[in-house]
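A quick write-up on the structure given underneath.
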Amino acid sequence: MSELVGLYSKNYNLFLDALIKGLEFYSNYKISKFCSPPFYGALAQLKNLPFVDALENDNFLLLFVGELYNLPSSSTAEYILDLLHKRKNFSFLKDLEGIFSFSLFDKNSQVLYLVSDKFGLYPLYYTYSEKFLIFSSRIRPILLCSHFDKELDYQAIGDLFYFGFVTGNKTLFKTLKLLPPASVLSFSISEGRIKLEKYWEDLSLFSPKGESQEISPKEVAFFFHQAVKKRLREKDLLGLSLSGGLDSRSILAALGPEAQGMPSYTLGLPRCEDERLSARMARIAGTKHVFLPITENSLKNFLSLARTLVFFSDGFYYPHESTEKVALDYFKRAPFRILFRGHGGELAKAALAFPVQVDQTVLKAKKALELTKIFLQKTNLVLLDLAPEEVFLHPELKETVTRISEESFAKISNLLENLSPGDVFLYFYLSEYIRRQAVASLNIFRAEVEIRLPFLDEDFLKILFKLPVTKRYQGEIHFEIVKTYMPALIKVPNSNTGAPLDAGKWRLYFTDKFNSLLKKLSIPGFRHYTEFDRWHRKYFREALEDILFDQKTLGRGLFDSSMLQRIFESHVSGRKNYARFLGTAAGLELWFREYLD
Numbered sequence: 030m031s032e033l034v035g036l037y038s039k040n041y042n043l044f045l046d047a048l049i050k051g052l053e054f055y056s057n058y059k060i061s062k063f064c065s066p067p068f069y070g071a072l073a074q075l076k077n078l079p080f081v082d083a084l085e086n087d088n089f090l091l092l093f094v095g096e097l098y099n100l101p102s103s104s105t106a107e108y109i110l111d112l113l114h115k116r117k118n119f120s121f122l123k124d125l126e127g128i129f130s131f132s133l134f135d136k137n138s139q140v141l142y143l144v145s146d147k148f149g150l151y152p153l154y155y156t157y158s159e160k161f162l163i164f165s166s167r168i169r170p171i172l173l174c175s176h177f178d179k180e181l182d183y184q185a186i187g188d189l190f191y192f193g194f195v196t197g198n199k200t201l202f203k204t205l206k207l208l209p210p211a212s213v214l215s216f217s218i219s220e221g222r223i224k225l226e227k228y229w230e231d232l233s234l235f236s237p238k239g240e241s242q243e244i245s246p247k248e249v250a251f252f253f254h255q256a257v258k259k260r261l262r263e264k265d266l267l268g269l270s271l272s273g274g275l276d277s278r279s280i281l282a283a284l285g286p287e288a289q290g291m292p293s294y295t296l297g298l299p300r301c302e303d304e305r306l307s308a309r310m311a312r313i314a315g316t317k318h319v320f321l322p323i324t325e326n327s328l329k330n331f332l333s334l335a336r337t338l339v340f341f342s343d344g345f346y347y348p349h350e351s352t353e354k355v356a357l358d359y360f361k362r363a364p365f366r367i368l369f370r371g372h373g374g375e376l377a378k379a380a381l382a383f384p385v386q387v388d389q390t391v392l393k394a395k396k397a398l399e400l401t402k403i404f405l406q407k408t409n410l411v412l413l414d415l416a417p418e419e420v421f422l423h424p425e426l427k428e429t430v431t432r433i434s435e436e437s438f439a440k441i442s443n444l445l446e447n448l449s450p451g452d453v454f455l456y457f458y459l460s461e462y463i464r465r466q467a468v469a470s471l472n473i474f475r476a477e478v479e480i481r482l483p484f485l486d487e488d489f490l491k492i493l494f495k496l497p498v499t500k501r502y503q504g505e506i507h508f509e510i511v512k513t514y515m516p517a518l519i520k521v522p523n524s525n526t527g528a529p530l531d532a533g534k535w536r537l538y539f540t541d542k543f544n545s546l547l548k549k550l551s552i553p554g555f556r557h558y559t560e561f562d563r564w565h566r567k568y569f570r571e572a573l574e575d576i577l578f579d580q581k582t583l584g585r586g587l588f589d590s591s592m593l594q595r596i597f598e599s600h601v602s603g604r605k606n607y608a609r610f611l612g613t614a615a616g617l618e619l620w621f622r623e624y625l626d
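Here is the structure:
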């Protein structure tokens, strides 16, 4: 990920050297420094990719990371400053399409502005006092600043042990925040405070309750094709992550003839179902395809694997399926530098939008309390049946379930006034799961490549959300995309069901059951691409035990040691599946050692 750091301070030596040192850790970055006292900044460009830009004139200094898809000129910074000059305000931001964050220092007013894209896909963190403001695309550079207050945010830690990710704009430190999506932050030393303003509302994407429309699926497919087309710049640098499912298949179909010769890859266990199906799709589309096997060798060093995930995700993504390290090693030699990914595709198949799958109980829910109970059950991915008051020692962590229940009920009650129950869940998926969990995982990939996400396209989502939830429920839109742009892919079975995309109701039902059985039995050609629960018990057990029961871990006062021992034993014996809890606990401890100690 190309990165941006900066500070607004009258004391140049206060923090800038530490910020630059934080960037220099990444050896594949080219760093450029900028100075317009009292503002100082730096850009770190990943492998000479065109994802950074800067421009300084008599009035402004602008530092930009990311990309715009509706850019009419070659210079992003020049385009933004030209729009600012014409509009005299930030009203132009709502017209920008892309993933980005940027800083703008107004030399005349001595005001610093920080800006995020509409979905918050290019993170920017900040901390401030009356005398300074510091910001960075990653957390590590800020932590190297000597004056940074490292007081922990236990509500953020509680989020991790409930959802599996931090929600809202929290970080694991109280004084460090994530810039909200579609926001402009302004700060000046003369006032010594920040001001946050939204320039666009993500709720505007959704049709109000009861106002959905019968849009043609072909029209929705057209908008997705346009979303892919917008992201086809620098074609010689592009690659595609391909699975046997629907999201990457839809991207492949929308690429059409442009897919010919494009590098693609699939990773997973040898002879998994995704290996077989993705190879078949690659032959149809003509991509240059490789399969990356996850072998025992890939899994032996859990400590190294976990540290990699923790480090590159800033502590927001902990060992789950543990496939990212295999991908990261491949990216260092891959023939592409920009990767198409299918994140966000679940917004077009609501029934599969993990962890908030929109099932019949959701669609039938009428009251906020009923919907909240369903939501809490679905999103409790880590604690499961564990009682926080028995697991944790810290008083704030003991109240995790109570706090999250109250917060969720308030949010759902508010959203339900305007959205259907299904779209309430999809709003959470878009605004929280994508922004805080998916982006954290993508930031691991961004250590080596940049990412493009055509499903998270404003024009596509606007037309998609005009449809009733039941018309974008189980892959109907994906089927239309494939049928319209690469119909030969229809006959390739979906790895999630084992059936071709045009299978009838009964064939789909029986094939799905049979496919699930073959996966469970790990039959070659049908096995799942990961076996995380087994890995935890076979490969990761010793390392997990060493981390979790080290005196340093137990001395932090987070866990009841006897309860932690019971959880561990229940898991490794196979009586319970606490893989997510143990992975989160171990990952958090490694984060403490990397970022706090």
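The letter at position 303 of the sequence shown is residue 332 when you use the working numbering, and the numbering goes up by one with no holes.
Even for Gly, the Cβ is constructed at its ideal location relative to N, Cα and C.
{"Check": "Span of the alpha helix (DSSP H) holding residue 575?", "Outcome": "570 to 577"}
{"Check": "Apart from the five residues on each side of it in sequence, which residues of its chain come closer than 6 Å, Cβ to Cβ, to residue 607?", "Outcome": "596, 600"}
{"Check": "Do you know offhand how far residue 383's Cα is from residue 478's?", "Outcome": "25 Å"}
{"Check": "Three-state secondary structure (DSSP) at residue 375?", "Outcome": "helix"}
{"Check": "Which same chain residues, not among the five before or five after residue 427, have their C-beta less than 7 Å away from its C-beta?", "Outcome": "417, 418, 421"}
{"Check": "Could you tell me whether the Cβ atoms of residue 153 and residue 33 are closer together than 8 Å?", "Outcome": "yes"}
{"Check": "When you compare each of 490, 402, 592 to residue 244 by their alpha carbons, which one comes out closest?", "Outcome": "490"}
{"Check": "Give a yes or no on whether the C-beta atoms belonging to residue 513 and residue 247 are separated by under 8 Å.", "Outcome": "yes"}
{"Check": "For the 8 Å Cβ check, are there 3 or more pairs between the region 446 to 457 and the region 384 to 394?", "Outcome": "yes"}
{"Check": "Taking only the alpha-carbon atoms, compute the straight-line gap between residue 380 and residue 500 and give it to the nearest angstrom.", "Outcome": "11 Å"}
{"Check": "How many Å lie between residue 136 and residue 220 at the Cα?", "Outcome": "16 Å"}
{"Check": "Indicate the three-state DSSP secondary structure (helix, strand or coil) for residue 604 in the structure shown.", "Outcome": "coil"}
{"Check": "Compare the beta carbon distance of residue 338 and residue 353 with 8 Å and say whether it is the shorter of the two.", "Outcome": "yes"}
{"Check": "Hey, which unbroken runs of the alpha helix (DSSP H) at 4 residues or more fall wholly within the region 422 to 464?", "Outcome": "424 to 427, 429 to 444, 450 to 457"}
{"Check": "Hey, which unbroken runs of the beta strand (DSSP E) at 3 residues or more fall wholly within the region 83 to 159?", "Outcome": "89 to 97, 127 to 135, 140 to 145, 154 to 157"}
{"Check": "Check whether the region 260 to 277 touches the region 532 to 544, counting contact only when three or more Cβ pairs, one atom from each stretch, lie closer than 8 Å.", "Outcome": "no"}
{"Check": "Comparing C-alpha positions only, which one of 344, 40, 182 sits nearest to residue 169?", "Outcome": "344"}
{"Check": "Decide if residue 461 is buried, meaning its Cβ has at least 16 other Cβ atoms within 10 Å, or exposed.", "Outcome": "buried"}
{"Check": "Counting beta carbon pairs with one atom in the region 322 to 340 and one in the region 568 to 587, are three or more of them shorter than 8 Å?", "Outcome": "yes"}
{"Check": "Can you name, in chain order, every residue of its own chain whose Cβ lies under 7 Å from the Cβ of residue 555, other than the five neighbours on each side?", "Outcome": "302, 544, 547, 548"}
{"Check": "Around the Cβ of residue 552, are there at least 16 other Cβ atoms within 10 angstroms (buried) or fewer (exposed)?", "Outcome": "exposed"}
{"Check": "In or out: residue 83 buried (at least 16 other Cβ within 10 Å) or exposed?", "Outcome": "buried"}
{"Check": "I think residue 485 touches residue 463, with their Cβ atoms under 8 Å apart; what is that distance to the nearest whole Å?", "Outcome": "7 Å"}
{"Check": "If contacts are defined as beta-carbon pairs under 8 Å, then residue 275 and residue 527 qualify, I think. What distance do you get, rounded to the angstrom?", "Outcome": "At roughly 13 Å, the Cβ-Cβ gap does not stay under 8 Å, so residue 275 and residue 527 are not in contact."}
{"Check": "Would you kindly work out how many angstroms separate the C-alpha atoms of residue 583 and residue 413, rounded to a whole number?", "Outcome": "22 Å"}
{"Check": "How about residue 196 and residue 177: are their beta carbons less than 8 Å apart?", "Outcome": "no"}
{"Check": "Checking 8 Å against the spacing of the C-beta atoms, do residue 278 and residue 310 come in under that value?", "Outcome": "yes"}
{"Check": "Within a Cβ cutoff of 8 Å, which residues of the same chain sit near residue 87, ignoring the five residues on either side of it in sequence?", "Outcome": "136"}
{"Check": "DSSP three-state call for residue 629: helix, strand or coil?", "Outcome": "Because the chain in this structure spans residues 30 to 626, residue 629 falls outside the shown range and cannot be described."}
{"Check": "Output the distance between the C-alpha atoms of residue 613 and residue 40, rounded to the nearest integer angstrom.", "Outcome": "39 Å"}
{"Check": "With a cut-off of 8 Å on the beta carbons, I'd call residue 63 and residue 71 a contact; round off their distance for me.", "Outcome": "7 Å"}
{"Check": "Skipping 5 residues on each side, what residues in its chain have a beta carbon closer than 6 Å to that of residue 515?", "Outcome": "282"}
{"Check": "According to the Cβ coordinates, are residue 397 and residue 474 closer than 8 Å?", "Outcome": "no"}
{"Check": "My understanding is that residue 234 touches residue 130, with C-beta atoms under 8 Å, so please give their C-beta distance in whole angstroms.", "Outcome": "The Cβ separation is near 20 Å, so there is no contact."}
{"Check": "Which residue's Cα is closest to the Cα of residue 317: 363, 118, 541, 186?", "Outcome": "363"}
{"Check": "List the residues that DSSP assigns as beta-bridge partners of residue 318.", "Outcome": "293"}
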